[in-house]
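Take 5 as the starting number for the sequence shown in this note's numbering and just add one per residue.
For reference, the structure is listed below as structure tokens.
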Amino acid sequence: MEISSELSESGEDFDWVAGGTDLLPNYKWHINVKRNVISLSSISELTKLSGNHIGSMVRIHKLASDQSTHPVLAKAAKSIASVLIRRSGTVGGNICLDTRCFWINQSETWRESIDWCHKCDCGTEADCRVIPNQNTLCVATYQADLAPVLLCLDAEIHLASPRGNRSMPLNDFFQLDGMTRNVLKEGEMVTHVTIPDGSEDWCGDYQKLSQRDSWDFPEAGVAVLWKCGQDGRPADLRVATTGLESVPSLHIEQSENALSDWNGEDSVDELAESIRKAVKPVQNTWFSPPYRRKMVKVLTKRACRDLVVS
Ligand SMILES: Cc1cc2nc3c(=O)[nH]c(=O)nc-3n(C[C@H](O)[C@H](O)[C@H](O)COP(=O)(O)OP(=O)(O)OC[C@H]3O[C@@H](n4cnc5c(N)ncnc54)[C@H](O)[C@@H]3O)c2cc1C
Ligand code: SF4
């Protein structure tokens with residue numbers, strides 16, 4: 005915090021670096037590079053992990069393999085990238101992951117050859133190439149795997165800065181702009197995430213669509229979590245998605261509608277269709293938006309498989 009205050013006071017900008025598995029590749033491609041980075045790796049308080057408390061510097065591999073991790077969160081963690089990346093990459097870095105777009109995640113020479121874009125315009129005031137003629141918003145896609153499960157578990161995120169600490173539901177952390185991404189203010193960091201008591205009562209699944217299972221970002225990801233009630237009906241239900249817009253989304257209305265008139269497999273079909281309608285992917289990742297939307301329906305049904313059987 006001291007270093008960050010000093011830099012801010014002297015007008016210098018900086019990025020936090022956790023595992024560096026996303027920030028450093030972006031720096032190598034000269035995407036919005038800052039003059040300084042501050043590493044979080046020696047702050048031991050940030051590595052605390054228990055059933056309810058996940059420090060921002062907990063490595064993805066540790067989260068995936070720890071006995072205290074909720075099984076659906078562990079499944080999402082295991083689906084991230086490769087073993088090497090999971091051993092360096094952290095929970096905080098995953099939640100704060102920069103948004104992605106095939107017009108920006110390219111080398112500097114490539115981007116220069118097409119005259120840049122709004123997210124990294126090099127002072128040219130270049131337009132967005134996905135939704136042109138607006139020059140205010142970037143619609144790059146949020147493609148991190150942990151957020152949808154954490155949203156379904158009703159996680160709270162905790163932030164710290166030289167100005168003090170604050171906490172909020174994870175659902176309020178993200179901001180609908182591929183450049184701003186979230187509510188973090190200058191010099192503010194994520195310290196940890198907490199999950200309310202009773203998370204063991206929630207079961208469910210996380211399903212992901214990616215180009216290669218071995219290490220690709222989600223082109224679509226769906227988490228469905230429910231609490232078992234009587235007669236095989238879910239007593240509570242939550243659905244969240246990632247990889248489809250600039251923010252991960254918790255689909256509250258769709259889940260409530262499905263619960264209010266639960267009718268087994270028919271309700272799962274209706275829920276899956278309503279999630280397909282709710283998501284609005286744009287053409288900036290590998291797979292086309294119609295295919296990703298179609299697959300959201302399939303992934304939702306797959307994630308509900310045990311719900312219909314139970
Ligand atoms: C080949 C490849 C495949 C990948 N596949 C996937 C995938 O399938 N799924 C997926 O989710 N991700 C994937 N990733 C992205 C990335 O590796 C992971 O999301 C990882 O968890 C990022 O964590 P990190 O600690 O390395 O973040 P860093 O690179 O250190 O940081 C990422 C961003 O978060 C900010 N940040 C980090 N920690 C904090 C903090 N505590 N407070 C505030 N800001 C912070 C940084 O400033 C930076 O903007 C992949 C990356 C690569 C290179
Ligand atoms: S969505 Fe638009 S502004 Fe954002 S990275 Fe892609 S082309 Fe650039």
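Cβ coordinates follow ideal geometry from the N, Cα and C atoms, glycine included.
Coarse secondary structure for I199, derived from DSSP in three states
Mapped onto the sequence shown, residue 199 falls at position 195. Three-state result, I199: coil.
Please tell me whether, using a cut-off of 7 angstroms, the distance from the CB of W33 to the nearest non-hydrogen atom of ligand 1 is below it.
Walking along the sequence shown from the start, residue 33 turns up at place 29. In this structure, the C-beta of W33 stays at least 7 angstroms away from each heavy atom of ligand 1.
For Y210, write down the residues that DSSP places opposite it in a beta bridge.
Translated into positions along the sequence shown, residue 210 becomes position 206. DSSP output for Y210 lists A227 as bridge partner(s).
Between which two residues does the alpha helix (DSSP H) containing V315 stretch?
No answer is possible for residue 315: it lies beyond the span of the chain, which begins at 5 and ends at 314.
Are A290 and Q215 touching if we call contact CB-CB under 8 angstroms?
As a first step, residue 290 must be located in the sequence shown, where it is residue number 286. As a first step, residue 215 must be located in the sequence shown, where it is residue number 211. According to the sequence displayed, residue 290 carries Trp and not Ala. Taking 8 angstroms as the cut-off, the beta carbon of W290 is found closer than this to the beta carbon of Q215.
Exposure of S46, with buried meaning 16 or more beta-carbon neighbours within 10 Å
Position 42 of the sequence shown holds residue 46. Taking a 10 Å sphere around the C-beta of S46, we find fewer than 16 other C-beta atoms and assign the residue as exposed.
Between E274 and the rest of its own chain, which residues show a CB-CB distance below 7 angstroms, the 5 nearest in sequence each way excluded?
By one-based count along the sequence shown, residue 274 stands at place 270. Result list for E274: A262, in chain order.
Taking 8 angstroms as the threshold, find out whether the stretch 161 to 180 comes into contact with the stretch 19 to 32 through three or more Cβ pairs.
Result no; under three Cβ-Cβ pairs closer than 8 angstroms.
I need the boundaries of the beta strand (DSSP E) containing M172, first residue and last residue.
Mapped onto the sequence shown, residue 172 falls at position 168. Element bounds for M172: 168 to 173.
Proximity test, T94 beta-carbon vs ligand 1 heavy atom, cut-off 7 angstroms
One-based indexing of the sequence shown puts residue 94 at position 90. Yes; taking the cut-off as 7 angstroms, the Cβ of T94 has a heavy atom of ligand 1 nearer than that.
Could you check if Q258 is buried or exposed, using at least 16 other CB atoms within 10 Å of its CB as the buried criterion?
The count along the sequence shown starts at 1 and reaches residue 258 at position 254. With 16 or more other Cβ atoms within 10 Å, it is buried.
For a test of your reading of the model: does the CB of K123 fall under 7 angstroms from any non-hydrogen atom of ligand 2? Yes or no.
Locating residue 123 in the sequence shown gives position 119, where the first residue counts as 1. Yes, since a heavy atom of ligand 2 falls inside the 7 angstroms radius drawn around the Cβ of K123.
Which residue's Cα is closest to the Cα of K3: H162, C207, R242?
Here the chain comprises residues numbered 5 to 314, so residue 3 is not present and cannot be evaluated.
Comparing the CB of C126 with every heavy atom of ligand 2, is any distance shorter than 7 angstroms?
If you number the sequence shown from 1, residue 126 lands on position 122. No, ligand 2 has no heavy atom inside 7 angstroms of this Cβ.
Assuming the contact rule is C-beta atoms closer than 8 angstroms, N288 and C105 should be a hit. Round their C-beta distance to whole Å, please.
By 1-based counting over the sequence shown, the position of residue 288 is 284. By 1-based counting over the sequence shown, the position of residue 105 is 101. About 4 angstroms separates the two Cβ atoms, so the contact holds.
Is any heavy atom in ligand 1 found nearer than 7 angstroms to the beta carbon of I279?
On the sequence shown, residue 279 is found 275 positions in, with the first residue counted as 1. No - ligand 1 has no heavy atom lying nearer than 7 angstroms to the Cβ of I279.
Give me the Cβ distance between N186 and C132, rounded to the nearest whole Å; I'm assuming they're in contact under 8 angstroms.
As a first step, residue 186 must be located in the sequence shown, where it is residue number 182. As a first step, residue 132 must be located in the sequence shown, where it is residue number 128. That belief does not hold up - the Cβ atoms of N186 and C132 are roughly 19 angstroms apart, past 8 angstroms.
Is the separation between the beta-carbon of C142 and that of D102 shorter than 8 angstroms?
Along the sequence shown, one-based indexing puts residue 142 at 138. Along the sequence shown, one-based indexing puts residue 102 at 98. No. Outside cutoff.
So is the beta-carbon of D26 under 7 angstroms away from any non-hydrogen atom of ligand 1?
Position 22 of the sequence shown holds residue 26. Within the cutoff, so yes.
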